[in-house]
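Structure first, commentary second.
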Amino acid sequence: ETNILVLADCATSGSVADLNRPAWDGSRAVLISGCRDRQALGSSGGALTHELLLALENLKARSAARCSVGEVYAETLCVDDAMFCSSQDITIQARPSDGVGWPLWPPGDYTAPWRPL
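Counting along the sequence shown from 1, when you hit position 63 you're at 231 in this note's numbering, and nothing is skipped either side.
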């Protein structure tokens with residue numbers, strides 16, 4: 169079974185992959201977007217990428233076990249609130265909505281490559 173993960177860290181990316189369309193019927197797909205369609209990234213472009221990497225660092229430090237996409241998304245929202253306070257709405261769409269595993273789990277110890285000042 170194939171899982172599809174779409175990460176969109178670009179302007180008006182909320183519907184870059186509209187998982188409600190019939191073309192996605194029968195697929196296991198997840199979209200995490202850095203903002204809604206009506207929002208522009210502005211000067212914080214690329215924030216989702218940094219937030220995801222910091223979220224993976226946090227999750228990896230707490231447990232060596234793999235996480236679901238939903239757990240990574242939830243931790244990404246925590247990082248956004250605590251460190252970035254961005255005005256963009258990070259969104260998730262999933263089809264189906266059950267626990268799809270996060271496929272990009274870093275091996276060994278992991279430190280995100282960037283920290284906000």
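Built from N, CA and C at the ideal position, the CB exists for glycine as well. It should be emphasised that the depicted structure is a prediction, and the values quoted were computed from it without experimental measurement.
Rounded separation between residue i and residue j - CA only
i: Ile-172; j: Val-198; result: 6 Å
i: Ala-223; j: Cys-203; result: 17 Å
i: Pro-264; j: Ala-191; result: 14 Å
i: Gln-256; j: Ser-195; result: 28 Å
i: Gln-261; j: Cys-253; result: 22 Å
i: Ala-215; j: Asp-177; result: 8 Å
i: Asp-266; j: Pro-274; result: 23 Å
i: Met-251; j: Glu-169; result: 36 Å
i: Val-174; j: Asp-193; result: 16 Å
Limits of the unbroken beta strand (DSSP E) element including residue i
i: Thr-259; result: 259–263
Cβ-Cβ separation, residue j to residue i (assumed contact under 8 Å), whole Å
i: Ser-145; j: Val-268; result: The structure shown has nothing for residue 145, since the chain only spans 169 to 285.
i: Leu-227; j: Ala-280; result: The Cβ separation is near 11 Å, so there is no contact.
Cβ pair residue i, residue j closer than 7 Å
i: Val-240; j: Trp-270; result: yes
i: Glu-219; j: Thr-244; result: yes
Endpoints, the alpha helix (DSSP H) within which residue i is located
i: Leu-199; result: Segment 196–201 is the beta strand (DSSP E) holding Leu-199; no alpha helix (DSSP H) there.
i: Asn-171; result: Looking at the DSSP string, Asn-171 is not in any alpha helix (DSSP H); the run it does join, the beta strand (DSSP E), is 171–176.
i: Tyr-241; result: 237–247
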